[in-house]
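Under the working numbering, the first residue of the sequence shown is numbered 57, with each subsequent residue one higher. We treat Cβ as the ideally placed atom computed from N, Cα and C, and that holds for glycine.
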Amino acid sequence: MKKVILFVFIALVTIVSQAQDFTFTNGIIFINEDRYGANQGSINYFNFDYNEMEYNVFAFVNPGVKLGVTSQHGQLFGGRLFVVSKQANGNESSGSTVGSRLAVLDGATLVQRASILRFGATMDSVYDGRAYCAVNNEKGYISTNAGIFVLDVASMTVRGPIQGTQSSARGDYNSLYYDQCGDMVRFGQYVFAVQQGKGLHVIDPETDAVVATLPFPDIVTVFVTAAGKLYVANNSREVYDFGTGPFEANFTQIDPVAFEIKGVHSLPEDKGPVCAWGAWHARMLCVDPVAERVYFNHEEYQNFISSYDFSSREFIDTLILLPEGVETNWDGTKERQGLYASALSFDPHTGDMVVQTTEAAPMYAYQNFNHNWVLFYNVMTGELKRQVRLQDAYWFPALAVYPDLYAPTVSVSDMTLSRGTSSEVDLLHAVQDPDNMAALAVTTAKSRDESIARARVVGLKLVIEAVAPGRATVDVTTDSNGQLAETAFVVTVTGGSTPGDVNMDGRISIDDVTDLIDILLGSVLTVYDMGAADVDRDGRISISDVTDLIDMLLIRN
Numbered sequence: 057m058k059k060v061i062l063f064v065f066i067a068l069v070t071i072v073s074q075a076q077d078f079t080f081t082n083g084i085i086f087i088n089e090d091r092y093g094a095n096q097g098s099i100n101y102f103n104f105d106y107n108e109m110e111y112n113v114f115a116f117v118n119p120g121v122k123l124g125v126t127s128q129h130g131q132l133f134g135g136r137l138f139v140v141s142k143q144a145n146g147n148e149s150s151g152s153t154v155g156s157r158l159a160v161l162d163g164a165t166l167v168q169r170a171s172i173l174r175f176g177a178t179m180d181s182v183y184d185g186r187a188y189c190a191v192n193n194e195k196g197y198i199s200t201n202a203g204i205f206v207l208d209v210a211s212m213t214v215r216g217p218i219q220g221t222q223s224s225a226r227g228d229y230n231s232l233y234y235d236q237c238g239d240m241v242r243f244g245q246y247v248f249a250v251q252q253g254k255g256l257h258v259i260d261p262e263t264d265a266v267v268a269t270l271p272f273p274d275i276v277t278v279f280v281t282a283a284g285k286l287y288v289a290n291n292s293r294e295v296y297d298f299g300t301g302p303f304e305a306n307f308t309q310i311d312p313v314a315f316e317i318k319g320v321h322s323l324p325e326d327k328g329p330v331c332a333w334g335a336w337h338a339r340m341l342c343v344d345p346v347a348e349r350v351y352f353n354h355e356e357y358q359n360f361i362s363s364y365d366f367s368s369r370e371f372i373d374t375l376i377l378l379p380e381g382v383e384t385n386w387d388g389t390k391e392r393q394g395l396y397a398s399a400l401s402f403d404p405h406t407g408d409m410v411v412q413t414t415e416a417a418p419m420y421a422y423q424n425f426n427h428n429w430v431l432f433y434n435v436m437t438g439e440l441k442r443q444v445r446l447q448d449a450y451w452f453p454a455l456a457v458y459p460d461l462y463a464p465t466v467s468v469s470d471m472t473l474s475r476g477t478s479s480e481v482d483l484l485h486a487v488q489d490p491d492n493m494a495a496l497a498v499t500t501a502k503s504r505d506e507s508i509a510r511a512r513v514v515g516l517k518l519v520i521e522a523v524a525p526g527r528a529t530v531d532v533t534t535d536s537n538g539q540l541a542e543t544a545f546v547v548t549v550t551g552g553s554t555p556g557d558v559n560m561d562g563r564i565s566i567d568d569v570t571d572l573i574d575i576l577l578g579s580v581l582t583v584y585d586m587g588a589a590d591v592d593r594d595g596r597i598s599i600s601d602v603t604d605l606i607d608m609l610l611i612r613n
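Given below as structure tokens:
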């Protein structure tokens, strides 16, 4: 008997060891809700090495471990994949702990490293998970139907909810769908978070405090475009509201620094991005990584992709018509593939739009959620480049996650400014990351000598202020998807010169005499103040300036 137990133990260790040897870094990770009531969440992986889908890879690399029920959101950040599910498991009331509301996986191997059963302090299972938003590698926010909670990544502990984000959740089933929190985005110095019926919260991640709330009673989601513009989507029509309206839908641009409305882009009244608070899904809209354009569906199971261009203000209802499915409707026509949940995304490495579909469009015709596809489009031409039919199963796809393959870079050139002036560096051009839009990287800057030059980041601008003549080094750090890039540059401040302070060190000494002689001899200095070198103020630098500077030193001493 002992030999049998030993054999089983060795076999399990071997399986786990082999599973942990797999990496999922050359493909697409697909998080699935999976079949509610039968299975907990699952993860599939499309492997570019073999051009095929690999199924239930989370279960394969985590024997005996399960995700939560209705896995709905995921973010890859700092080498970790954070997966949020609505509930921990289907038998939580019995005390079962198989499953979690938050699973933290290794970003490359998908091996689970930590998990959190619930977000509230009690056994109250009504605190449903919604989304995760990384603040940095040490902290993240978790939105729920009861408010926004704060995750300490190192200790894997949760506190909250953040004051001002709480819902009216009373602990019963109906309270799941009142003033719940949903999508969030870290943009610049703040986290912007959506709350049903209330609007857009602006959260300071340094203090975890709500610093402003913009009221939008019909808010659906929040997003940032490639040009670094912040928008909320509003839609007064819930997805299952088949009334005659009138409805109102728009994209509203928000100033991310002043927290004010900058403009409104109206949509046809029944064509706003799907509002699905009644059965929450992650953002059912995707942002073009290059153009000022978004793609979305305004009906659940819609069999075409709609778009809106912010530059031209053009709405296209049917930009791409999805392919046929395999089932035949009662009238002899083929059923079409349709969009479910957060079906649209862009692969940052190939530029393809990746579309997850199920055979369920339109919803009043023949539906078979057992049939699912992944489509790869060139969105500029509308070309369907590849169509992959999945193994038949009730996957109920949630969203796609892409590996983080490259480190970001940040580059800022040295600059010379006159005292009392300032300069701005456009971070959209200074920051590069093939895995991520530059607008979503978070940059900080600090001057080593603020008596000479100050540095701060305002929105997507690095602002340099020249305080006094001299030289100061500015250190810059950029965080993109949890990977850091660092650089430093020198700010030389001139103008408003102190006569004789040639080397701009804030004092007049024999060093300035030496530097002035070097200038006359044609020697190359790293930096000097030409105005300060013209001691006698005759508009030129000559031997008389050396004489005057020596006299100045003799008088002072």
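Of the candidates Arg-612, Gly-124, Phe-116, Gly-124 places its Cα closest to the Cα of Gly-93. The beta-carbon distance between Gln-539 and Asp-460, rounded to whole angstroms, is 7 angstroms. This is short enough to meet the 8 angstroms contact definition. The stretch 487 to 499 makes no contact with the stretch 552 to 571, as fewer than three CB pairs between them are under 8 angstroms.
By alpha-carbon distance to Asp-311, the top candidate from Val-288, Leu-323, Arg-293, Asn-103 is Val-288. About 6 angstroms separates the CB atoms of Gly-238 and Ser-199; that is less than 8 angstroms, so the two are in contact.
In terms of Cα proximity to Thr-500, the closest of Asp-531, Ala-509, His-485, Asp-482 is Asp-531. Bounds of the alpha helix (DSSP H) holding Arg-612 are 599 to 612. Runs of the beta strand (DSSP E) lying entirely within the stretch 82 to 139, each at least 3 residues long, are 83 to 88, 98 to 103, 108 to 110, 125 to 133 in chain order. Less than 8 angstroms separates the beta-carbon of Ser-478 from that of Glu-521.
DSSP places Ile-218 in no beta strand (DSSP E); its state is neither H nor E. Assignment of beta-bridge partners to Ala-544 by DSSP yields Asp-531. Excluding sequence positions up to five before and after Phe-205, its CB lies within less than 6 angstroms of the CB of Phe-175, Ile-198, Val-214, Gly-216, Pro-217, all in the same chain and listed in chain order.
Distances from the alpha-carbon of Thr-406 to those of Pro-345, Asn-424, Glu-480 put Pro-345 closest. One thing to note: Leu-395 has its Cβ within 8 angstroms of the Cβ of Thr-413. When only Cα atoms are considered, Gly-120 and Asn-95 end up about 14 angstroms apart.
According to the DSSP assignment, Ile-575 belongs to the alpha helix (DSSP H) that extends over 566 to 577. In the displayed model, Trp-429 falls within a strand according to three-state DSSP. For His-257, the enclosing beta strand (DSSP E) starts and ends at 255 to 260.
Its Cα nearest to that of Val-481, the residue Leu-516 stands out among Thr-269, Leu-516, His-321. Judged by DSSP in its simplified three-state form, Gly-587 adopts helix. The stretch 323 to 338 makes no contact with the stretch 259 to 267; the number of CB pairs closer than 8 angstroms stays below 3. Exclusion of the five residues before and after Arg-91 leaves Tyr-450 as the residues of its chain whose Cβ lies within less than 6 angstroms of its Cβ.
If you draw a straight line from the Cα of Asp-567 to the Cα of Met-608, it comes to about 13 angstroms. Within the same chain, Cβ atoms closer than 6 angstroms to the Cβ of Glu-194 are found at Val-209, the five residues on either side in sequence being excluded.
Look at Leu-341 here: in three-state DSSP terms it is strand.
For Lys-122, the closest alpha carbon among the candidates Asn-201, Arg-157, Ala-589 is that of Arg-157. Judged by DSSP secondary structure, Ala-501 falls within the beta strand (DSSP E) whose first and last residues are 498 to 503. Assignment of Leu-161 by DSSP, reduced to helix, strand and coil, places it in the strand class. Put simply, the stretch 383 to 390 does not touch the stretch 437 to 454. Fewer than three CB pairs are less than 8 angstroms apart. Pro-490 counts as exposed, since fewer than 16 other C-beta atoms from the protein chains shown sit within 10 angstroms of its C-beta. Judged by their CB atoms, Gly-196 and Phe-138 are nearer to each other than the 8 angstroms cut-off. Closest in alpha carbon position to Val-267, among Leu-286, Gly-220, Ser-224, is Gly-220. Assigned with DSSP and collapsed to three states, Gly-556 falls in coil, not helix or strand.
Here Tyr-111 is not near Asn-118, since their CB atoms are 8 angstroms or more apart. Ser-503 and Ile-564 have their alpha carbons spaced roughly 24 angstroms apart.
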